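At position 147 of the sequence shown the residue is numbered 146 (numbering that gives the first Met the number 0), and the sequence of numbers has no breaks.
Quick reminder that beta carbons are idealized off the backbone N, C-alpha and C, glycines included.
None of these values were measured; they are calculated from a predicted model.
Notes follow the structure.
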Amino acid sequence: MFESSRRLKEDVQGLIEAVRVAASARYACVMEPGRILYESPEPEGQPIATLRRLLELNGAEVFALPGAMAQEEGPGPQADPFEGWEHDELCLAFLNGKVAVIIACPNAEAGREAATKALHILMDRLMRLEPRYRMDGRGRGFFFGQPKLDFVTVARRAE
0 MFESSRRLKE DVQGLIEAVR VAASARYACV MEPGRILYES PEPEGQPIAT
50 LRRLLELNGA EVFALPGAMA QEEGPGPQAD PFEGWEHDEL CLAFLNGKVA
100 VIIACPNAEA GREAATKALH ILMDRLMRLE PRYRMDGRGR GFFFGQPKLD
150 FVTVARRAE
């Protein structure tokens, strides 16, 4: 439980790469609202630059998706934070609403299934690295139970 922060950061970087490879993804990142913390691979090309820009500019809307999607009644999300992204489907995994893993891959559901084991290990390392990720939205810790992990998939529009 007392790993060095340097070692945990190396683990997180290696695990985000493992998630990307397992999901056959073009890109994967770990982010907080409005800020990308880790990514794989290093961004290059217009499509990844577009996705990074959308994530950074629309971070609050991205993090509002699980709550908006969980409402049984209502209009759902107020806006599409990924408007303009037409290249891949997206799989989003949110840990306690504090940090998210974004995966851009050809098939979001298949990518989620393939990367599930690596995602759970990654989430464990993130909670060890940053104690505030262990708290829920009300500031309660998780001493007797599991952290909240929400998944959202964003599929391409049918042509």
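Check	Outcome
Work out the CA separation of LEU128 and LYS8 for me, nearest whole Å.	7 Å
Bridge partners for ALA103 per DSSP, in chain order?	TYR26 and LEU89
At what residues does the beta strand (DSSP E) containing ARG34 begin and finish?	34-39
Considering only their Cβ atoms, is the gap separating LEU64 from LEU91 smaller than 9 Å?	yes
Does DSSP put ILE123 in a helix, a strand or coil?	First, the residue type needs correcting, since residue 123 is Asp and not Ile in the sequence shown. It is helical.
Would you be able to state if there are at least three C-beta pairs under 8 Å between the segment 53-60 and the segment 114-123?	no
Taking the continuous alpha helix (DSSP H) assigned at ASP149, which residues delimit it?	Looking at the DSSP string, ASP149 is not in any alpha helix (DSSP H); the run it does join, the beta strand (DSSP E), is 148-153.
Beta carbon of ALA27, beta carbon of ILE120: below 9 Å?	no
I'd like to check one pair, SER23 with GLY110: are the Cβ atoms closer than 9 Å?	yes
Which residues in the same chain have their Cβ closer than 8 Å to the Cβ of GLU158, if we skip the five residues on either side of it in sequence?	Low confidence applies here, because GLU158 scores a pLDDT of 49, under 50, leaving its location unreliable; read the following figure in that light. Contacts found: none.
VAL79 and PRO105: beta carbons closer than 9 Å?	According to the sequence shown, residue 79 is Asp rather than Val. Cβ distance not < 9 Å, so ASP79 and PRO105 don't count as in contact.
In this structure, how does DSSP classify ARG19 when only helix, strand and coil are distinguished?	helix
Counting C-beta neighbours from all protein chains within 10 Å, is the total for ARG34 16 or more, i.e. buried, or is it exposed?	exposed
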